[in-house]
Amino acid sequence: MSRRLIAVLGYSNGGDSLHDVCACRLRRAEAEARPEDVVHLSGWARRRGVTSEAELMAEAWRGAAAELELAADARTTYGNAKVAAEVAGRIGASEVVVVTSRWHERRAAALFRAALRRTGIRLALTSAEGAAPRGARLRELACWTLVPPLTVYIGRRGRRGEGALPSASS
Numbered sequence: 015m016s017r018r019l020i021a022v023l024g025y026s027n028g029g030d031s032l033h034d035v036c037a038c039r040l041r042r043a044e045a046e047a048r049p050e051d052v053v054h055l056s057g058w059a060r061r062r063g064v065t066s067e068a069e070l071m072a073e074a075w076r077g078a079a080a081e082l083e084l085a086a087d088a089r090t091t092y093g094n095a096k097v098a099a100e101v102a103g104r105i106g107a108s109e110v111v112v113v114t115s116r117w118h119e120r121r122a123a124a125l126f127r128a129a130l131r132r133t134g135i136r137l138a139l140t141s142a143e144g145a146a147p148r149g150a151r152l153r154e155l156a157c158w159t160l161v162p163p164l165t166v167y168i169g170r171r172g173r174r175g176e177g178a179l180p181s182a183s184s
């Protein structure tokens, strides 16, 4: 059986507990994960002195996994895709399964597809249940304006193997 990376994307409103959206994503990842999978939990702490989304998810994790990887400094979907692709390559994953919310799935898919381009690593997506929080759909629409240039940038960066991560709230 091939190794998979299960990439669970964080979600927070800056609080000090696991947001309901993030908890739903975590439960979906637990249902998806197999004992040989590596689970990549990503999400940052929006304020000083607050536990990161990745750490909160790790504390709440109850699923099967060979290993948990934390990306406590992941701030954007673009950053999540970039780091998850690097981890997938490092562990020799044949597939990355992205766990997010249905309302975020299309944008996440576009960015992860670009990050995994030319790696031979397959991409699968699965969505958690739950309604979008107030303002999430409007934010998604606004963030879509950044997707085309970011996917081009990821593609160029992948060919050169260099370049700094642009700071965008994508």
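Using the numbering used here, you'd call the opening residue of the sequence shown number 15 and step up by one each time. We treat Cβ as the ideally placed atom computed from N, Cα and C, and that holds for glycine.
Subject >> Ser141 - partner residues in DSSP beta bridges >> reply: Thr114
Original post:
In or out: Asp30 buried (at least 16 other Cβ within 10 Å) or exposed?
Top reply: exposed
Original post:
Mind checking whether Ala99 and Ala72 have CB atoms under 8 Å apart?
Top reply: no
Subject >> Nearest-angstrom Cα separation, counted from Leu82 out to Val53 >> reply: 5 Å
Original post:
Taking just the CA atoms, how far does Ala122 sit from Leu137?
Top reply: 11 Å
Subject >> Cβ-based neighbour list, Arg174, same chain, cut-off 6 Å, excluding 5 preceding and 5 following >> reply: Residue confidence is low: Arg174 scores 42 on pLDDT, short of 50, so the model does not pin down where it sits. Its coordinate-derived value is still stated next. Here the set comprises nothing.
Original post:
Can you round the beta-carbon distance between Glu91 and Leu125 to whole angstroms, since I take them to be within the 8 Å contact cut?
Top reply: Correcting the residue identity first, residue 91 is Thr in this sequence and not Glu. Contact flag correct, Cβ pair sits at about 5 Å.
**OP:** Compute the beta-carbon to beta-carbon distance between Ser56 and Leu23, rounded to the nearest angstrom, for a pair I have assumed lies under 8 Å.
**Re:** 6 Å
**OP:** List the endpoints of the continuous beta strand (DSSP E) containing Leu19.
**Re:** Arg18 to Leu23
Subject >> Residue span of the beta strand (DSSP E) that contains Val53, given as start and end >> reply: Val52 to Ser56
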